[in-house]
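Notes follow once the structure below has been shown.
Residue numbers (our numbering): 12 to 444.
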């Protein structure tokens, strides 16, 4: 009975408690039971929930992997494109690709987040790109440098060779001297064609006077690559003939053609003679020919026409060689003094480079006749390029408004026989049979 009462009391208490709970729910609008239940220990997670969580995790990892691979692929594609355009080989691209894939795989297995993976990928791509660019740049620079050096070396050698060949050719060929030396293209150049009817008489062109022309000297006959030249070692002078001052003889040389054909430098009314002798003088106050050429009238040249060779044979056949000259005087090379009164005068230049325009020219009108056979020996002489030294004359140059004057005297020429004998004596050579 007593237990029944206790149970009844408990039920009554439970009922009262329920009523109180209902009253509280109505009053506060929320359930204390739920509140109490929330703070109670949690129940174990069912297997379905575990499966779903694992699926979400795997999906997330797969998404991250695919996204990362896509980013890496795009980055690599860009890097490969740029690299290939810079000339990087396929092998290098393959190594970089495998390296990047390996880095991504290791990164994902370590659980790095998408942000970290992307950062690593971009950093690696940047590092690889910079490294590759640097390598390509250095390789390219080295290749360009070597190629450039080789090209420059080859071009320089070619240019030097062509320039040298051109210079030799131009220097040796009189008709091209105006291309080889700019001074040879001036407006007061020699030689010229003297048209007799256009010359003006000049009473000041009196006969010449010669001093120590009769003195003999021993010298050297030199093949200078342009002509045959003989230096005059002693003091021999010419004056008169309207020259400003006495001029000292420096050297004489010859110009000739081929096998006795036309070879003089100056022409008279278009007629060219086989050979021309030039005796070069400078003003007596100058110590050397170089100084004299700086003087507008520092050099005076006497020009004589010969119808054939002065020499019976030539012993200095190769350019740059020389042979001894027997005792000779300038007087022996020209007609007697009293016969040197008919000549032309004009202002001109040297007829060989540098073609300096500092020469007072005197060209004697009448040629001195000699044997034609004697001229052919000059065909054995050689230019510096090894070719036979024929045609050693420079072509005539334009007058460009210059006036040519003439003297009024008559020239009485020495006989051919006398001059042949004189030449043989001068050169120490015997006349051929």
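Glycine included, every Cβ here is placed at the ideal spot set by N, Cα and C.
Proximity of the region 219-235 to the region 244-254 meets the contact definition, three or more beta-carbon pairs being nearer than 8 Å. DSSP assignment within the region 227-292 yields the following whole beta strand (DSSP E) runs of 3 residues or more, N-terminal first: 228-234, 239-242, 248-251 and 258-267.
Sequence-distant Cβ neighbours of residue 276 in its own chain, meaning closer than 7 Å and more than five residues away, are 202, 266, 287, 362, 404 and 405. The three-state reading of DSSP puts residue 294 in strand, counting E and B together. The three-state secondary structure of residue 314, taken from DSSP, is strand. Residue pairing by DSSP places residue 416 opposite 211 and 356 in a beta bridge. Annotation for residue 371: the continuous beta strand (DSSP E) segment containing it runs 370-375. Put simply, the region 364-378 touches the region 296-315. At least three CB pairs are less than 8 Å apart. Residue 302: member of the alpha helix (DSSP H) spanning 300-303, first to last residue. For residue 198, the number of other beta carbons within 10 angstroms of its own is below 16, and it is reported as exposed.
Residue pairing for residue 339: DSSP places it in a beta bridge opposite 228. Around the Cβ of residue 209, a 10 Å sphere holds fewer than 16 other Cβ atoms; the residue is exposed. Ranking 315, 301 and 418 by CA distance to the CA of residue 365 puts 301 first.
Excluding the 5 residues flanking it on each side, residue 224 has same chain C-beta neighbours closer than 6 Å at 247, 341 and 342, in chain order.
Between residue 413 and residue 354, the C-beta spacing is not below 8 Å. Beta bridge pairing from DSSP links residue 404 with no other residue. Between residue 261 and residue 289, the gap from beta carbon to beta carbon reaches 8 Å or more.
Bridge partners of residue 204 according to DSSP: 278. Using a 10 angstroms sphere on the CB of residue 411, the tally of other CB atoms stays under 16, which defines it as exposed. Burial state of residue 214 is exposed, judged by a 10 Å Cβ sphere holding fewer than 16 other Cβ atoms.
Between the beta-carbon of residue 318 and that of residue 380 there is about 5 Å, and that keeps the pair under the 8 Å contact cut.
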